[in-house]
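*Asks:*
Protein chains: 2
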Amino acid sequence: MPEQERMKQVLQAYVDGFAEGDAAAVAGLFADDATIEDPVGNPPISGRAAIDEFYANAVGSGAKLSLDGPIRGSHGNSAAMAFTIEVPGVVRIRAIEVMTFDDDGKVTEMRAYWGPDDVEQ
Amino acid sequence: MPEQERMKQVLQAYVDGFAEGDAAAVAGLFADDATIEDPVGNPPISGRAAIDEFYANAVGSGAKLSLDGPIRGSHGNSAAMAFTIEVPGVVRIRAIEVMTFDDDGKVTEMRAYWGPDDVEQ
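Protein chains in written order, with the UniProt record's numbering: chain A, 1 to 121; chain B, 1 to 121.
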């Protein structure tokens, strides 16, 4: 199980990767066989190629993330954060993401909680 | 699948139940066979008696919840919120809780993300 501090650093690096427009840095936080369900309720994607493509699009959109508050850990191998993602002039989405980690500190599962009502266009 | 608004109302009622010191109201938001993992990584509890006892203790402690931001929905049967729970003069815990619902709008699963570093005493 990764250290709490390590998991929180990864979530912060995820936010920072969007800020820096570095899609490869964000995708690189994930294990090759990781699963992403964004938003929860839609079919998940998985695997290196799908993850790389997902973040190339997401980061490439110009989206920036601002945290609602401190990143949370757990007593297990998960951490979570609440934030607003904004593509300036296009859309704002209020989301909570939960990430689960392997022993190497890579994200194996990401689940993004946001619904139709959490989007402002 | 319950409406997004319905799920968010239940999460708000959870916050309000703590504010009002009404443990029965909070426990009543859960299905009889619901599971609670609080914090994530510890063994879950389940069933009506365990849920009633859990919230009798939690609400009875005088704990109050303040939201970090708007409650989030999903495109499925889950909703989530980030908040700080405080027992005045005793402890503050920063948490994110994810709740999953049945078709009747009752919570069937609650997972609370907070780690040792998210507690201030």
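We put the beta carbon where it would ideally sit given N, CA and C, even for glycine.
Remember, predicted model here, so these are calculated numbers, not experimental data.
1. In angstroms, rounded to a whole number, what distance separates the CA positions of residue 10 of chain A and residue 25 of chain A?
2. Using a C-beta cutoff of 9 Å, does residue 155 of chain A count as contacting chain B?
3. In the DSSP output, which residue or residues are listed as bridge partners for residue 96 of chain B?
4. So the candidates are B:13, B:107, B:74, B:105; which of them puts its Cα closest to the Cα of residue 93 of chain A?
5. Does the beta carbon of residue 85 of chain B sit closer than 9 Å to a beta carbon anywhere in chain A?
6. In the DSSP assignment, find the unbroken beta strand (DSSP E) run with residue 16 of chain B in it and report its ends.
7. Assign residue 59 of chain B to buried or exposed, taking buried as 16 or more other Cβ atoms, counted over all protein chains shown, within 10 Å of its Cβ.
8. Should residue 62 of chain A and residue 98 of chain A be called a contact, given that it needs their Cβ atoms to be closer than 9 Å?
9. Which chain B residues sit within Cβ distance under 8 Å of residue 9 of chain A?
10. Within its chain, find whatever has a CB closer than 7 Å to the CB of residue 102 of chain A; leave out the 5 residues flanking it on each side and keep chain order.
11. Any idea what DSSP makes of residue 118 of chain B, helix, strand or coil?
12. Return the residue from the list A:91, A:72, A:115, A:76 that minimises the CA-CA distance to residue 12 of chain A.
13. Determine the extent of the alpha helix (DSSP H) in which residue 24 of chain A is found, giving its start and end residues.
14. Kindly indicate which residue of B:19, B:89, B:2, B:57 has the alpha-carbon position closest to the one of residue 121 of chain B.
15. How would you label residue 78 of chain A, buried or exposed, when you count the other beta carbons within 10 angstroms and need 16 or more for buried?
16. Just to confirm, is the Cβ distance from residue 96 of chain B to residue 36 of chain A under 9 Å?
17. Using CA coordinates, which residue listed in A:2, A:80, A:49 is at the minimum distance from residue 118 of chain B?
18. Closest Cβ-Cβ distance between residue 118 of chain A and chain B: below 9 Å?
19. Rounded to the nearest angstrom, what separates residue 123 of chain A and residue 54 of chain B at their Cα positions?
*Replies:* If we stick to the structure as given:
1. If you take the alpha carbons of residue 10 of chain A and residue 25 of chain A, they lie about 10 Å apart.
2. The first residue shown for chain A is 1 and the last is 121, placing residue 155 of chain A beyond what the model contains.
3. DSSP output for residue 96 of chain B lists B:82, B:113 as bridge partner(s).
4. Ranking the options by Cα distance to residue 93 of chain A, first place goes to B:74.
5. For residue 85 of chain B, the answer is no, since every Cβ of chain A falls outside 9 Å of its Cβ.
6. Boundaries around residue 16 of chain B are those of the alpha helix (DSSP H), 4-19, since no beta strand (DSSP E) includes it.
7. Buried is the call here.
8. A distance of 9 Å or more separates the beta carbons of residue 62 of chain A and residue 98 of chain A.
9. Against residue 9 of chain A, chain B offers no close residue; the least beta-carbon distance is about 12 Å (beta-carbon pairs closer than 8 Å).
10. Result list for residue 102 of chain A: 31, 108, in chain order.
11. In this structure, residue 118 of chain B counts as helix in the three-state DSSP scheme.
12. Taking only the C-alpha atoms, the option nearest residue 12 of chain A is A:72.
13. In the DSSP assignment, residue 24 of chain A falls within the alpha helix (DSSP H) that extends over 23-27.
14. The option with the nearest alpha carbon to residue 121 of chain B is B:89.
15. Residue burial annotation: residue 78 of chain A is buried, with at least 16 other C-beta atoms found within 10 angstroms of its C-beta.
16. No, the pair does not count as a contact, with Cβ atoms beyond the cut-off.
17. Of A:2, A:80, A:49, the residue nearest in Cα terms is A:80.
18. Judged by the 9 Å Cβ criterion, residue 118 of chain A is in contact with chain B.
19. In the structure displayed, chain A extends from 1 to 121; residue 123 of chain A sits before or after that span and is not available.
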